[in-house]
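Asker:
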Amino acid sequence: MTSVLETASAVTARAPAKVNLELGVGALRPDGFHSLSTVYQAVGVFEEVTVATADEWGVSVRGRDAELVPTDESNLALRAAMRLAERAAVEPVHVTIRKEIPVAGGMAGGSADAAATLVACDALWDLGLGRSGLDPIAAELGSDVPFLLHGGTAVGSGRGELVTPVLARGSYHWVFVPTPVSGLSTPEVYAAFDELSAGHDVPEPEPSPAMMAALRQGEPEALGVVLSNDLQAAAVRLQPQIGDVIDAAMSFGALGAIVSGSGPTVALLAAGQEGAIDLAVSLTASGAAADVIRAIGPVAGAHVIPAPRLT
Ligand code: C5P
1 MTSVLETASA VTARAPAKVN LELGVGALRP DGFHSLSTVY QAVGVFEEVT
51 VATADEWGVS VRGRDAELVP TDESNLALRA AMRLAERAAV EPVHVTIRKE
101 IPVAGGMAGG SADAAATLVA CDALWDLGLG RSGLDPIAAE LGSDVPFLLH
151 GGTAVGSGRG ELVTPVLARG SYHWVFVPTP VSGLSTPEVY AAFDELSAGH
201 DVPEPEPSPA MMAALRQGEP EALGVVLSND LQAAAVRLQP QIGDVIDAAM
251 SFGALGAIVS GSGPTVALLA AGQEGAIDLA VSLTASGAAA DVIRAIGPVA
301 GAHVIPAPRL T
């Protein structure tokens with residue numbers, strides 16, 4: 001019997017954004033990356049990617065910040081499709097990305113595009129690799145891509161690409177504040193971290209027992225006080241207004257406020273759905289934030305969805 005996917009000429013997948021609940025950064029490695037110990041949580045802000053059989057390789061981008069995303073072969077989604085195609089005799093695809101995640105915001109939007117593309121191409125080309133079969137290619141594409149294949153809540157080690165699920169209870173309401181100015185590039189923030197830590201001993205990072213206990217407990221109040229990010233000082237140094245957003249959010253009742261990954265998006269943990277609505281309204285009405293994104297975590301990783309949207 002022929003399956004639907006075997007005859008499909010287009011497949012759509014979606015992948016979530018991430019927030020790092022804990023980001024411990026170690027020393028710079030000889031390969032130019034830093035050793036990390038991080039706790040990722042996938043949150044419900046989604047990129048949607050459609051791959052469709054085409055005469056030539058290509059990519060187009062719609063939605064939030066679309067004009068900031070390259071449409072040449074430096075596009076991470078297109079690279080993901082072409083890299084996967086090296087493993088099989090397949091026809092080219094055109095990749096269409098519908099964006100919700102801010103570009104260069106520290107929420108792994110480009111990595112989500114790559115993860116969704118891998119899952120969609122695996123289905124379109126009927127490769128049968130599944131998430132674990134896609135992991136090695138995901139890791140080559142970027143440090144966050146393997147986590148976005150799997151989703152949930154997980155510890156990332158190595159340079160972030162070695163992902164182990166953790167026992168985590170509860171559901172969390174987040175408010176994200178994207179920066180009103182330009183994004184921060186990840187290498188720039190790591191370079192600022194190196195400058196700030198020059199002359200200090202940088203210990204090998206490991207997951208903190210306090211974070212693991214808070215995740216087992218499953219209460220947002222417990223998680224809020226253990227959020228931590230070793231890149232935060234570097235990100236605030238490069239974009240001081242991040243600190244103002246954090247201060248405002250705490251005064252408006254956030255349970256925790258942290259730079260998301262390498263920033264500049266600020267992630268705020270709220271007390272339930274009502275707390276998230278109150279926080280979002282207070283931040284925008286006071287002018288502390290021009291724009292907010294509300295999302296719940298954890299959510300699942302990249303997955304095929306039934307049919308492409310027509311818009
Ligand atoms: O892997 P990814 O594409 O996200 O990395 C982008 C850049 O961020 C790297 O080239 C490196 O400069 C920096 N990085 C790092 N250590 C990590 C992850 C990223 O220094 N663990």
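Numbering of the sequence shown is given in my numbering, commencing with residue 1 and proceeding in unit increments. Don't be surprised by glycine CBs; every beta carbon is placed ideally from N, CA and C.
1) Which of the three DSSP states, helix, strand or coil, is assigned to Pro-165?
2) Identify whether Ile-101 lies in helix, strand or coil by the three-state DSSP scheme.
3) Going straight from the alpha carbon of Glu-140 to that of Ser-286, what length do you get?
4) Does DSSP classify Val-119 as helix, strand or coil?
5) State the Cα-Cα distance for the pair Lys-18 and Val-175, rounded to the nearest angstrom.
6) Considering only heavy atoms of ligand 1, does any lie closer than 7 Å to the CB of Gly-105?
7) Quick one: complete alpha helix (DSSP H) runs, 4+ long, within the stretch 249–294?
8) Is the beta carbon of Ala-234 closer than 8 Å to that of Phe-193?
9) Pick out the complete beta strand (DSSP E) segments inside the stretch 13–69, 3 residues or longer, and give them in chain order.
10) Candidates Ala-254, His-200, Leu-167: which alpha carbon is nearest Val-26's?
11) For Ser-157, does the three-state DSSP call read helix, strand or coil?
12) Indicate the three-state DSSP secondary structure (helix, strand or coil) for Thr-96 in the structure shown.
13) Could you give the residue range of the alpha helix (DSSP H) that holds His-150?
14) Heavy atom of ligand 1 less than 7 Å from the Cβ of Asp-31, yes or no?
15) Buried or exposed: which applies to Ala-138, given that a residue is buried once 16 or more other Cβ atoms fall within 10 Å of its Cβ?
16) Within a Cβ cutoff of 8 Å, which residues of the same chain sit near Val-4, ignoring the five residues on either side of it in sequence?
17) How big is the Cα-Cα spacing for Gln-217 and Leu-223?
18) Can you determine whether any heavy atom of ligand 3 sits closer than 7 Å to the C-beta of Thr-186, and answer yes or no?
19) Could you tell me which of His-150, Arg-64, Gly-152, Ser-35 sits nearest to Glu-48, measuring between CA atoms?
20) By a C-beta neighbour count over all protein chains shown, 10 Å radius and 16 as the cutoff for buried, is Asp-113 buried or exposed?
21) Here's the rule: buried if 16 or more other CB atoms are within 10 angstroms of the residue's CB, otherwise exposed. What is Val-281?
22) Do Pro-16 and Gly-151 have their C-beta atoms closer together than 8 Å?
23) Under 8 Å, do Leu-227 and Ala-249 count as touching if we go by C-beta distance?
24) Thinking C-beta only, is Pro-102 closer than 8 Å to Leu-184?
25) Rounded to whole angstroms, what's the CA-CA distance from Pro-187 to Ala-154? Just pull it up for me.
26) Could you say which of Gly-261, Gly-105, Phe-46, Gly-110 lies nearest to Glu-142 if we only look at CA atoms?
27) Using beta-carbon positions only, say whether Val-39 and Leu-21 come within less than 8 Å of one another.
28) DSSP has Trp-125 in a bridge; who is on the other side?
29) Once DSSP output is grouped into helix, strand and coil, what is the label at Ser-228?
30) Whole angstroms is fine: what's the gap from Ala-271's alpha carbon to Phe-252's?
31) Pairing CB atoms from the stretch 58–74 with CB atoms from the stretch 89–98, are three or more of them under 8 Å?
32) Could you tell me if the beta carbon of Ile-159 falls within a distance shorter than 7 Å of some heavy atom in ligand 1?
33) Between Leu-84 and Ala-115, which are expected to be in contact by the criterion C-beta below 8 Å, what is the C-beta distance as a whole number of angstroms?
Answerer: Let's see:
1) Position 165 of the sequence shown, counted from the first residue, corresponds to residue 165. Reduced to three states, the DSSP call for Pro-165 is strand.
2) Within the sequence shown, the letter at position 101 stands for residue 101. Reduced to three states, the DSSP call for Ile-101 is coil.
3) Along the sequence shown, one-based indexing puts residue 140 at 140. Along the sequence shown, one-based indexing puts residue 286 at 286. So the two alpha carbons sit approximately 43 Å from each other.
4) Here the question's residue 119 lines up with position 119 in the sequence shown. Here Val-119 sits in helix by DSSP.
5) In the sequence shown, the residue the question calls residue 18 occupies position 18. In the sequence shown, the residue the question calls residue 175 occupies position 175. Going from the Cα of Lys-18 to the Cα of Val-175 covers about 13 Å.
6) To locate residue 105, count along the sequence shown from 1; it is residue 105. Gly-105 Cβ: outside cutoff for every heavy atom of ligand 1.
7) 272–286
8) Here residue 193 corresponds to residue number 193 of the sequence shown, with the count starting at 1. Here residue 234 corresponds to residue number 234 of the sequence shown, with the count starting at 1. Cβ atoms of Phe-193 and Ala-234: closer than 8 Å.
9) 34–53, 58–63
10) In the sequence shown, the residue the question calls residue 26 occupies position 26. In the sequence on display, residue 26 carries Gly and not Val. When only C-alpha atoms are compared, the closest one is His-200.
11) If you number the sequence shown from 1, residue 157 lands on position 157. Three-state result, Ser-157: strand.
12) The residue you call residue 96 lines up with position 96 of the sequence shown. Residue state, collapsed to three classes: strand.
13) The residue labelled residue 150 in the question sits at position 150 within the sequence shown. Segment 145–150, the alpha helix (DSSP H) holding His-150.
14) As a working note, residue 31 is residue 31 in the sequence shown. No, the Cβ of Asp-31 stays beyond 7 Å of every heavy atom of ligand 1.
15) Here residue 138 refers to the residue found at position 138 when the sequence shown is read from its first residue. Buried is the call here.
16) As a first step, residue 4 must be located in the sequence shown, where it is residue number 4. With a pLDDT of 45 at Val-4, under the threshold of 50, the modelled position of that residue is not reliable, and the figure given next carries that caveat. There are no such residues.
17) Residue numbering aside, residue 217 sits at position 217 when the sequence shown is read from its first letter. Residue numbering aside, residue 223 sits at position 223 when the sequence shown is read from its first letter. Straight-line Cα distance between these residues: approximately 9 Å.
18) With respect to ligand 3, the structure offers nothing, as its ligand set consists of ligand 1.
19) As a first step, residue 48 must be located in the sequence shown, where it is residue number 48. Per the Cα distances, Arg-64.
20) Numbered from 1 along the sequence shown, position 113 holds the residue referred to as residue 113. It is buried - the Cβ of Asp-113 has at least 16 other Cβ atoms within 10 Å.
21) By 1-based counting over the sequence shown, the position of residue 281 is 281. Exposed, by the Cβ-count rule.
22) In the sequence shown, residue 16 corresponds to position 16, counting from 1. In the sequence shown, residue 151 corresponds to position 151, counting from 1. In contact: Pro-16 and Gly-151 (Cβ atoms closer than 8 Å).
23) Start at 1 with the first residue of the sequence shown, and residue 227 comes out as number 227. Start at 1 with the first residue of the sequence shown, and residue 249 comes out as number 249. Result no, Cβ atoms of Leu-227 and Ala-249 do not sit closer than 8 Å.
24) For this step, residue 184 is matched to residue 184 along the sequence shown. For this step, residue 102 is matched to residue 102 along the sequence shown. With respect to Pro-102, Leu-184 sits apart: the two C-beta atoms are not nearer than 8 Å.
25) By one-based count along the sequence shown, residue 187 stands at place 187. By one-based count along the sequence shown, residue 154 stands at place 154. Computed Cα separation, rounded: 23 Å.
26) Within the sequence shown, residue 142 is the residue found at index 142, counting from 1. Here the sequence assigns Gly to residue 142, which means Glu is not the residue at that position. When the alpha-carbon of Gly-142 is set against those of Gly-261, Gly-105, Phe-46, Gly-110, the nearest one is in Gly-110.
27) Against the sequence shown, residue 39 aligns to sequence position 39. Against the sequence shown, residue 21 aligns to sequence position 21. A contact, by the Cβ cut-off of 8 Å.
28) Stepping through the sequence shown from its first residue, residue 125 is reached at position 125. Paired residue(s): none; Trp-125 is not in a bridge.
29) On the sequence shown, position 228 is the one that residue 228 refers to. Three-state result, Ser-228: strand.
30) For this step, residue 271 is matched to residue 271 along the sequence shown. For this step, residue 252 is matched to residue 252 along the sequence shown. Near 11 Å, if we compare the C-alpha coordinates of Phe-252 and Ala-271.
31) These segments touch.
32) Counting from one through the sequence shown, the residue named residue 159 turns up at place 159. Per the sequence presented here, residue 159 reads as Arg, with Ile not at that position. Yes, since a heavy atom of ligand 1 falls inside the 7 Å radius drawn around the Cβ of Arg-159.
33) For the purposes of this step, residue 84 is taken as residue 84 along the sequence shown, with counting starting at 1. For the purposes of this step, residue 115 is taken as residue 115 along the sequence shown, with counting starting at 1. Contact doesn't hold; Cβ gap of about 12 Å is too wide.
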